[in-house]
Amino acid sequence: MNDIDAWVWWLVGAAALGIPLVVTAMPEFGMLAAGAAAAAVVAGLGLDVVIQVLVFVAVSVALIAVVRPIAARHSLQRPQLATGVDALKGKQAVVLERVDGSGGRIKLAGEVWSARSLDTDRAYDVGQAVDVVDIEGATAIVI
5 MNDIDAWVWW LVGAAALGIP LVVTAMPEFG MLAAGAAAAA VVAGLGLDVV
55 IQVLVFVAVS VALIAVVRPI AARHSLQRPQ LATGVDALKG KQAVVLERVD
105 GSGGRIKLAG EVWSARSLDT DRAYDVGQAV DVVDIEGATA IVI
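To convert, take the position in the sequence shown, counting from 1, and add 4; that gives our numbering.
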């Protein structure tokens, strides 16, 4: 162990912490690996083992305390640009074939869609404007 410098051991530890980061996709392992890399820099400067451990702990805890809440907040936000079927919800469409609880056809965003009314007792006639409230598979649910 005396033949290998301490900074090499810290780099080995950083690499070892990088493996579970890749396998489990838990960012905390990456933050611990960054702490180990910082400790390797301190060890490369020739500072004491106690300082190396303190730098490892300080950097790791700081990253976890700062980055983790920011990442959690971003993961809970909905995307600002709706795409796919989410972009079609709330749009207006024109009835091409009578739409009722059992089916019909509408023109939505330039395409012909199968549709059915949300209220099974309600029917919409040809040419009438309807609002899309949901998409189930390839069927638009309208009111």
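Glycine included, every Cβ here is placed at the ideal spot set by N, Cα and C. Fair warning: this is a prediction, and the values are worked out from it, not measured in the lab.
For residue i, which of the options has the nearest alpha-carbon?
i, options, result
"Ala133", "Lys111, Asp123, Thr124, Val27", "Lys111"
"Val57", "Pro73, Pro31, Val26, Ala37", "Ala37"
"Ile8", "Ala44, Phe33, Leu25", "Ala44"
"Leu122", "Ile139, Gly34, Gly131", "Ile139"
"Gly2", "Pro31, Gly131, Val130, Ala119", "With the chain represented from 5 up to 147, any question about residue 2 goes unanswered, as that position is not in the structure."
"Leu92", "Trp13, Val130, Pro31, Glu115", "Glu115"
"Pro73", "Ala42, Ala41, Leu100, Glu32", "Glu32"
"Val149", "Met30, Val99, Gln84", "This structure gives no information on residue 149, because the portion of the chain shown stretches from 5 to 147."
"Trp13", "Gln84, Ala40, Ile23", "Ala40"
"Val99", "Pro83, Gln84, Trp117", "Trp117"
"Phe60", "Ile68, Ala42, Ala69, Leu49", "Ala42"
For residue i, write down the residues that DSSP places opposite it in a beta bridge.
i, result
"Val136", "Val146"
"Arg120", "Ile145"
"Ile110", "Val99, Trp117"
"Asp90", "In the DSSP output, where bridge partners are listed per residue, Asp90 has none listed."
"Asp3", "Here the chain has residues from 5 to 147 only, and residue 3 is not among them."
Report, in whole angstroms, the separation of the C-beta atoms of residue i and residue j, which I expect to be a contact under 8 Å.
i, j, result
"Ala1", "Ala20", "Here the chain comprises residues numbered 5 to 147, so residue 1 is not present and cannot be evaluated."
"Arg102", "Tyr128", "7 Å"
"Gly34", "Leu25", "5 Å"
"Gly94", "Val27", "Not really, about 40 Å apart at Cβ, beyond 8 Å."
"Ala97", "Ala144", "7 Å"
"Gly105", "Asp125", "7 Å"
Return no unless some Cβ of chain C is closer than 8 Å to the Cβ of residue i.
i, result
"Ala86", "Protein chain content of the structure displayed is limited to a single chain, and chain C is not contained in it."
Three-pair Cβ contact test at 8 Å for the region 53-68 versus the region 78-92
No, the region 53-68 does not touch the region 78-92.
Inter-stretch contact at 8 Å, needing at least 3 Cβ pairs: the region 59-71 / the region 85-99
Contact between the region 59-71 and the region 85-99 is absent: fewer than three C-beta pairs spanning the two stretches fall below 8 Å.
Extract the residue ranges of the alpha helix (DSSP H) inside the region 5-80, only unbroken runs of 4 or more that lie entirely within it.
Given a length threshold of 4 residues, each whole run of the alpha helix (DSSP H) inside the region 5-80 is given here in chain order: 10-28, 31-48, 53-80.
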